[in-house]
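In my numbering, the protein residues as written are 2 to 118. Here's the structure we're looking at; comments come further down.
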């Protein structure tokens, strides 16, 4: 059972991910923007982070880069809308382990988490 930090600016999406992942993994925390994600990562030390790209305060790619600077072994799963294809590719080049495109299904999320772990 992995410890998962869920990062998305939409409370609905965070709830949906919690419901999808919570049965198989421990949800150790949530963040609604990139700055919170960095703080929570350092505090909670999760096994994996689900990260949205477009968020207020700090975008997910920037937050992911800071998390990877802090912990080079961090595992980040990008969860983003298909309209952000270029950003998803950028995130993969900068260290994201995998990505799923919104809207996503439970099996997609769980499969991606298992591949990363």
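Every residue, glycine too, gets a C-beta built ideally from N, C-alpha and C.
Residue i (DSSP reduced to helix, strand or coil)
i           : result
residue 103 : strand
residue 82  : strand
residue 91  : helix
residue 97  : coil
residue 58  : coil
residue 75  : coil
The beta strand (DSSP E) enclosing residue i, as first and last residue numbers
i          : result
residue 4  : 4-8
residue 54 : Neither: residue 54 is in no beta strand (DSSP E) and is coded neither H nor E.
Buried or exposed by the 16-neighbour rule on C-beta atoms within 10 Å, applied to residue i
i           : result
residue 56  : buried
residue 44  : exposed
residue 104 : exposed
residue 18  : buried
residue 15  : buried
residue 42  : buried
Alpha helix (DSSP H) segment containing residue i, residue limits
i          : result
residue 66 : 61-71
residue 37 : 35-45
residue 12 : 12-22
* Kindly confirm or deny that the segment 80-98 and the segment 31-39 touch, where touching means at least three C-beta pairs closer than 8 Å. => no
* Say whether the segment 19-26 touches the segment 62-69, bearing in mind that this needs 3 or more beta-carbon pairs closer than 8 Å, one atom from each stretch. => no
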